[in-house]
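Protein chains in written order, with this note's numbering: chain F, 61 to 299; chain D, 61 to 299. First the structure, in the form of structure tokens, and then the observations on it.
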DNA sequence: ACCTGAACACCGTTCAAGT
DNA sequence: ACCTGAACACCGTTCAAGT
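This is how it looks when you write it as structure tokens:
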């Protein structure tokens, strides 16, 4: 059900990526939404390593140079992508659950989403919220939830920033190879650490990253709430 | 045809970037240490954006292709750099201070170092400690400090990983532009968040990142220690 | 063993010409 | 306004030839 480009009365048997002559197309062929969707599709298929302006243009059926009528730079594509991806972070808990459980759920979702998009993390670090409406909507949802729970206004931004820092670092950790802590030939030089790693490897049923994340999340939620004068109502949610 | 122009009192401190003929040099001209030092010098002068294999070769007085007799890839240069930089993280506190103060000092130093080297953060996420002796030495120092303080072995690695995640995220945050939270034209759509940002801007004397870092660090140290069955002996160190 | 110089297969981006 | 196609100034990396 895609509409072919209706030009010149030629035979239009093929679908979308048709040969197109130079000049303004009858119907707009590029837009922020379509470029973002194409970028996302490329990432899904081949990962971030395959996301080039060329690949993007090819998937959209245009010449690479055509992209620059709509985008300032590849960096801007990444910013669009970042804001798009952010909209899949789940803040629905704030409508239904006690605030501390909602906060934990948001943090887990946030980490899961960006574990699949780690190359966007450096982009966020510089991203102006004024140009990222869905990112801003996420902050608004979290803030509203905390305000409603009685958090003092002055404590909210530091708490979000601290949690976010932890979340981004944990997103990297979630996709790290499991054997990074194998000390190998250097085991003798690091007896304490080697023993600690062994201890951990024996315990966790698989993902050591998971227990570190849950431990850190629990500490942060409890500690930041305490500083805000609140007490958490429930313990850490078990998976 | 230039002849030795760097003879007297030039600002080129190291040995001769002289014209050299093909073939094996009398004395080795490249090594991990020299390549790392050159890379560091380039970063110090022009930032990570100027660190290219070409620039590296130029500073070492060789052709770019010569580097590949010593290095597998640029990625390997970054790994060397990472391990080198890690050695400037300060773990000396574990020898002198109560463990919780030592842990806080280590975390602050760690964050400060990588705030100046954020492009290395994705490198660490994949770095095998077996090939990074100084990184391993750092882990060993921290682990030994915690063991001596009475931490149960099984709790140490998750605690370090959680702290590290927070530290990396905070390193990005430390170098973010201050105005990223300005909601601008979208202020009306995000009343709670806009108010919270304003509240924060009025309070912190400059760096909002700093108060978030200290709040998160305090929560993590206290919470992780509690889970390990320990109690922190002193409150957060004030700067 | 380890250098040089030429070459390769890419990048992101610019711009004149075309409609 | 917005496309194409050619071109530009880079990248990281490979490899034959040279000593």
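Cβ atoms here follow ideal geometry from the backbone N, Cα and C, with glycine treated the same way.
Pair within 8 angstroms by beta-carbon distance, residue 142/F and residue 187/F: yes
Where the region 118-135 of chain D meets chain F: residues whose CB sits under 8 angstroms from a CB there: none
Whether residue 234/D touches residue 279/F by CB criterion (8 angstroms): no
Contacts of residue 287/D in chain F (Cβ-Cβ under 8 angstroms): 275, 278, 279
7 angstroms CB neighbourhood of residue 223/F in its chain, flanking five on each side removed: 167, 280
Straight-line Cα distance separating residue 123/D from residue 270/D: Taking the straight line from one Cα to the other gives about 44 angstroms.
DSSP three-state assignment for residue 114/D, whether helix, strand or coil: DSSP places residue 114/D in helix when its eight states are reduced to three.
Whole-Å CB distance - residue 99/F paired with residue 149/F, under 8 angstroms assumed: Not a contact, Cβ separation roughly 18 angstroms.
Rounded straight-line distance, which links the Cα of residue 274/D to that of residue 104/D: 28 angstroms
Any alpha helix (DSSP H) of 4 or more consecutive residues that is wholly inside the region 154-193 of chain D: Counting only runs of at least 4 residues, the region 154-193 of chain D fully encloses the following alpha helix (DSSP H) elements, listed from N- to C-terminal order: 159-175, 181-184.
Other residues of its chain near residue 79/F: CB distance less than 6 angstroms, five sequence neighbours each side excluded: Model confidence at residue 79/F stands at a pLDDT of 44, short of 50, so the residue's coordinates are unreliable; what they give is reported in the following sentence. Closer than 6 angstroms at the Cβ level, and outside the excluded window around residue 79/F, lies no residue.
Coarse secondary structure for residue 211/D, derived from DSSP in three states: coil
The alpha helix (DSSP H) enclosing residue 142/F, as first and last residue numbers: Note, residue 142/F: alpha helix (DSSP H), 134-146.
Under 8 angstroms by beta carbon: chain F residues contacting residue 246/D: 189, 190, 193, 196
Nonlocal neighbours in the same chain, by C-beta distance under 6 angstroms from residue 230/D, ignoring five residues either side: So the qualifying residues of the chain are 171, 273.
Which of helix, strand or coil DSSP assigns to residue 300/D: This structure cannot settle anything about residue 300/D, because the visible part of chain D is limited to 61 through 299.
Below-8 angstroms beta-carbon distance, residue 107/D vs any chain F residue: no
CB contact below 8 angstroms: residue 167/F versus chain D: no
Under the three-state DSSP convention, the category residue 130/F falls into: coil
Environment of residue 156/D [buried if 16+ CB atoms lie within 10 Å]: Exposed is the call here.
Nearest-angstrom beta carbon gap, residue 217/F and residue 245/D [assumed within contact, 8 angstroms]: Between residue 217/F and residue 245/D the Cβ distance is about 20 angstroms, and since that is not below 8 angstroms, they are no contact.
Contact set between residue 217/F and chain D, taken where Cβ atoms lie within less than 8 angstroms: At a C-beta separation below 8 angstroms, residue 217/F has these neighbours in chain D: 241, 256, 257, 259, 260, 268, 272.
Chain D contact for residue 199/F (CB, 8 angstroms cutoff): yes
Helix, strand or coil at residue 150/D [DSSP, three-state]: Coil at residue 150/D, not helix or strand.
Cβ-based burial, residue 160/D [other Cβ within 10 Å; buried from 16]: buried
Cβ neighbour criterion (16 or more within 10 Å) applied to residue 232/D: Counting other Cβ atoms within 10 Å of its Cβ, residue 232/D reaches 16 or more and is therefore classed as buried.
Min CB distance residue 150/F to chain D below 8 angstroms: no
Proximal residues, the region 227-240 of chain F versus chain D, C-beta separation under 8 angstroms: 227, 228, 229, 230, 232, 233, 235, 236, 237, 239, 240
Interface partners of residue 185/D on chain F, CB under 8 angstroms: 178, 232, 233, 235, 236
C-beta neighbour in chain D for residue 284/F, strict 8 angstroms: yes
Min CB distance residue 221/D to chain F below 8 angstroms: yes
Residue 284/D in three-state terms, based on DSSP: helix
Top-ranked residue by Cα proximity to residue 243/D, from 242/F, 253/F, 192/F, 179/F: Checked all of 242/F, 253/F, 192/F, 179/F; the closest Cα to residue 243/D is 192/F.
For residue 165/D and residue 201/F, the rounded distance between their alpha carbons: 34 angstroms
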